[in-house]
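Student: Residue numbers (the numbering used here): 7 to 602.
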Amino acid sequence: MLPHISAGLRRSAAAVALGAAVALATPAAPAAAAPQAAAATPTAVTAPTGAWAAGTRAYLVITAPGDTSAVRAAVTGNGGTVFAHYDAIGVVVAHSASATFATTMRGVSGVQQVGATRTSDVPADAYAPALPPAPTQSATTLTESNRWDMTQIKADQAWAVTTGSATVKVGVLDTGVDDLHQDIAPNFNAADSVSCAYGRADTRAGAWRDVGTHGTHVAGTIAAAKNGKGVIGVAPGVRISSVRIAEPTTSMFFAENTICGFMWAGDHGFRVTNNSYYTDPWMFNCPDDADQAAIIEGVRRAQAYAEGKGSLQVAAAGNSNYDLANKTTDTSSPNDSTPVSRRITNACVDIPTELPGVVTVAAMGRGNVKASYSNFGRDVIDVAAPGGDGSSGVYSTLPGGKYGNMNGTSMASPHVAGVAALLASVNPSFTPADLRARLASQATDTACPSDSRCTGTTAKNGFFGEGQTDALKAVGGSTPTPGTYFENTADVAIADNGTVESPISVTGVSGNAPAALKVGVDVKHTYRGDLVLSLVAPDGTVYLLEDFANGDSGDDVVKTYTVNASAEVAAGAWKLRVRDVATQDSGRIDAWNLTF
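1) For GLN319, count neighbouring C-beta atoms within 10 Å of its own C-beta (all shown protein chains included) and say buried if the count is 16 or more, exposed if not.
2) Going by the CB atoms, is the gap between LYS530 and ASP596 shorter than 9 Å?
3) Would ARG63 be called buried (16 or more neighbouring beta carbons within 10 Å of its own) or exposed?
4) For GLN590, I'd like the list of residues in its chain whose CB is within less than 6 Å of its CB, leaving aside the five on either flank, ordered along the chain.
5) What are the uninterrupted segments assigned as alpha helix (DSSP H) that are 4 or more residues long and contained completely in the segment 163-225, given in chain order?
6) For the beta strand (DSSP E) containing VAL568, name the first residue and the last one.
7) In terms of alpha-carbon separation, which member of VAL99, SER540 and GLY471 lies closest to THR505?
8) Using the C-alpha atoms, what's the distance from ALA130 back to ALA136?
9) Are the CB atoms of VAL244 and LYS175 nearer to each other than 9 Å?
10) Pop quiz: ALA321 and VAL364 are said to be a contact at Cβ under 8 Å. What is the actual Cβ separation, rounded to whole angstroms?
11) Quick check: is any heavy atom of the ligand HEM less than 8 Å from the C-beta of ASN570?
12) Of the residues ASP356, LYS315 and MET370, which one's Cα is nearest the Cα of THR335?
13) Identify every residue that forms a DSSP beta bridge with TYR491.
14) Go through its chain and collect everything with a Cβ distance to ASN84's Cβ below 7 Å, but skip five positions before and after it.
15) Less than 9 Å between the C-beta atoms of ILE510 and VAL584, yes or no?
16) In chain order, what residues of the same chain have a beta carbon less than 8 Å from the beta carbon of THR142, not counting five sequence neighbours either side?
17) Can you have a look at ARG349 and say buried or exposed, based on whether 16 or more other CB atoms are within 10 angstroms of its CB?
18) Among THR123, TRP580, VAL587 and ILE265, which one has its Cα closest to the Cα of THR601?
19) Can you round the beta-carbon distance between SER257 and THR181 to whole angstroms, since I take them to be within the 8 Å contact cut?
20) Where does HIS421 fall in DSSP's three states?
21) Near ARG153, which residues of its chain fall below 6 Å by C-beta distance, leaving aside the five closest residues on each side in sequence?
22) What's the call for SER102, buried or exposed, on a 16-neighbour Cβ count within 10 Å?
23) Span of the alpha helix (DSSP H) holding THR264?
24) Looking only at C-alpha atoms, which of LYS315, ASP342, VAL498 and ASN570 sits nearest to SER435?
25) The alpha helix (DSSP H) with ASP497 in it runs from where to where?
26) Counting only the same chain and skipping the five closest in sequence on each side, list residues whose C-beta sits under 8 Å from that of GLU472.
Take a look at the structure:
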């Protein structure tokens, strides 16, 4: 089991930041939805700072949807205060320092369920939240390249068809987003961004900003701008809205925060939300526990509300290498106080990822392989996507204009959210059910490896669900004609002050090469300013791909070049030539490809 880096975050231990130091939008017309009984926007009671006291806990008090005024009166009459209420789903967020509050409220007429949402005190910050600081921004010299994760799901090919519509809004429910980042600012929608920390909407400017790094990384994977800088997201033409549901200091995602986030998503026209976390403090919530049963019901109602308003929820499966279809134990909960070891069954659910209607995403490493840490489970996993593993991390945006690698199902889920956003862009009438169905039918079937834990068929199994998500199919594109794509994945070491070549034998292609020959390059090198890359045609003609500036201290070259090779006969031995012109740094050709 991977360590729990930050409470309910769906990420692994691998987070390598690169760069200077050291994971949106025009309103969309949501799909047609059933009418709701009442508006979702909560009427929150503004409590003065002095109202907080040691021992204050948060509760969900659940009643019939509609008018919650009688139950709210009972809350205040029984030693509690109403922090927020969501009448459309019949959920009241209450605070109380009384040890008997839950028991007393369960006996009140009209109250269906009551549950404590945490085993720790509500922070005093809940009553006067501090705004996250605006990060100081660093400019970047990094240029966009086709990274392995984007190539693996064919996002780079999808961009030739469409980059997504600016009328599609994607909500990032996470630790917040750095809206000032050079690769996020062009697609950021401040008007629909908010903080839902503690369970009620804080609409002050900047309340949505990142209290960690996780949410900014997720946002970049979904929709980093195609602007020549840094990285490109799966759907760089859509818009990103930040809904910060993580609390500062702890980065925990309690049930009231998640409920607020889903209600906000439904009321603000988000076509898709990404949820790379689980709802703290319980990794699994069990319906035979009164507190956890209320958490399940409250979050379930909020998710159903958002879906009814046209929003599809995409969620990470988790990083514990755990079989979600055969639950037996939980040793990490509650994570806000002292965890205990407990026996559980499949009736206990990881929320929001196991709620009805939510797309559950497992992580893949580089290639058609399960990421070592990824949770799995037959008929639980819906689809899979690149999440990184080991040294092959997912490279994306970090606060302050920076970039870095992270591994985790947290990184897989935003790839699927991005593909869902592309689907919504080209099919604006699709409902959440339509998007779910198309994500499944368009996924690339991925067979089980030689691992007895993976059960099912190539078409659908416990490791990959319906298969790996496919961005190209989402936009109605097609893959290259068989026989026109060639690849060499053999490693070739690059020594200091040396020149090496990697060959590809092209067969079955008649006539000359195209005027737009695609040359995909993946070179691992600790200082790319040392490198000169060239393509060598079968007749020995040399085409310069790139002579990197001597001062370019960035790592690696993962990029696709376009070469006018129309004067060359296509068939024959083509070579990638890499010349290292300095000392101290070395590397290797990891892979390269040609698309005719």
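Just so it is clear, CB atoms sit at the ideal spot from N, CA and C, and this is done for glycine as well. It should be emphasised that the depicted structure is a prediction, and the values quoted were computed from it without experimental measurement.
Tutor: Let's see:
1) Start at 1 with the first residue of the sequence shown, and residue 319 comes out as number 313. Under this definition GLN319 is a buried residue.
2) Looking up residue 596 in the sequence shown gives position 590. Looking up residue 530 in the sequence shown gives position 524. Going by C-beta atoms, ASP596 is nearer than 9 Å to LYS530.
3) Residue 63 sits at position 57 when you count from the first residue of the sequence shown. That one is buried.
4) To locate residue 590, count along the sequence shown from 1; it is residue 584. Once the five neighbours on either side are set aside, GLN590 has no close Cβ partner at all.
5) none
6) Taking the sequence shown and counting its residues from 1, one reaches residue 568 at position 562. One detail in the question is off: residue 568 reads as Thr in this sequence, not Val. Taken as a continuous stretch (DSSP letters only), the beta strand (DSSP E) holding THR568 covers 563-569.
7) For the purposes of this step, residue 505 is identified with residue 499 of the sequence shown, where counting begins at 1. In terms of CA proximity to THR505, SER540 leads the group VAL99, SER540 and GLY471.
8) The residue you call residue 136 lines up with position 130 of the sequence shown. The residue you call residue 130 lines up with position 124 of the sequence shown. Cα to Cα, ALA136 sits roughly 11 Å from ALA130.
9) Here the question's residue 244 lines up with position 238 in the sequence shown. Here the question's residue 175 lines up with position 169 in the sequence shown. Taking a C-beta distance under 9 Å as the contact criterion, VAL244 and LYS175 qualify as a contact pair.
10) The count along the sequence shown starts at 1 and reaches residue 321 at position 315. The count along the sequence shown starts at 1 and reaches residue 364 at position 358. Contact between ALA321 and VAL364 holds, since their C-beta atoms are separated by about 5 Å, short of 8 Å.
11) Absence of the ligand HEM is noted for the structure shown, with no ligands found whatsoever.
12) Position 329 of the sequence shown, counting from 1, holds the residue named residue 335. Minimum Cα distance to THR335 is reached at ASP356.
13) Taking the first residue of the sequence shown as position 1, residue 491 is located at position 485. DSSP output for TYR491 lists THR601 as bridge partner(s).
14) Numbered from 1 along the sequence shown, position 78 holds the residue referred to as residue 84. Here the set comprises PHE107, THR110 and MET111.
15) Against the sequence shown, residue 510 aligns to sequence position 504. Against the sequence shown, residue 584 aligns to sequence position 578. Cβ distance not < 9 Å, so ILE510 and VAL584 don't count as in contact.
16) For the purposes of this step, residue 142 is taken as residue 136 along the sequence shown, with counting starting at 1. Taken in chain order, the residues that qualify are GLY406.
17) Here residue 349 corresponds to residue number 343 of the sequence shown, with the count starting at 1. Under this definition ARG349 is an exposed residue.
18) Along the sequence shown, read from residue 1 onward, the residue named residue 601 stands at position 595. Answer by Cα proximity: TRP580.
19) On the sequence shown, residue 257 is found 251 positions in, with the first residue counted as 1. On the sequence shown, residue 181 is found 175 positions in, with the first residue counted as 1. So it is a contact: roughly 6 Å between Cβ atoms.
20) Along the sequence shown, one-based indexing puts residue 421 at 415. HIS421: helix per DSSP, three-state reduction.
21) The residue labelled residue 153 in the question sits at position 147 within the sequence shown. So the qualifying residues of the chain are TYR401 and VAL564.
22) Taking the first residue of the sequence shown as 1, we reach residue 102 at position 96. That one is buried.
23) What you label residue 264 is simply residue 258 of the sequence shown in a count that begins at 1. Note, THR264: alpha helix (DSSP H), 261-273.
24) The residue labelled residue 435 in the question sits at position 429 within the sequence shown. SER435 has its Cα closest to that of LYS315, out of LYS315, ASP342, VAL498 and ASN570.
25) By one-based count along the sequence shown, residue 497 stands at place 491. First-last for ASP497: undefined, no H or E at that position.
26) Within the sequence shown, residue 472 is the residue found at index 466, counting from 1. Closer than 8 Å at the Cβ level, and outside the excluded window around GLU472, lie ASP388, VAL389, LEU445, ALA446, SER447, ALA449, ASP451, ALA465 and LYS466.
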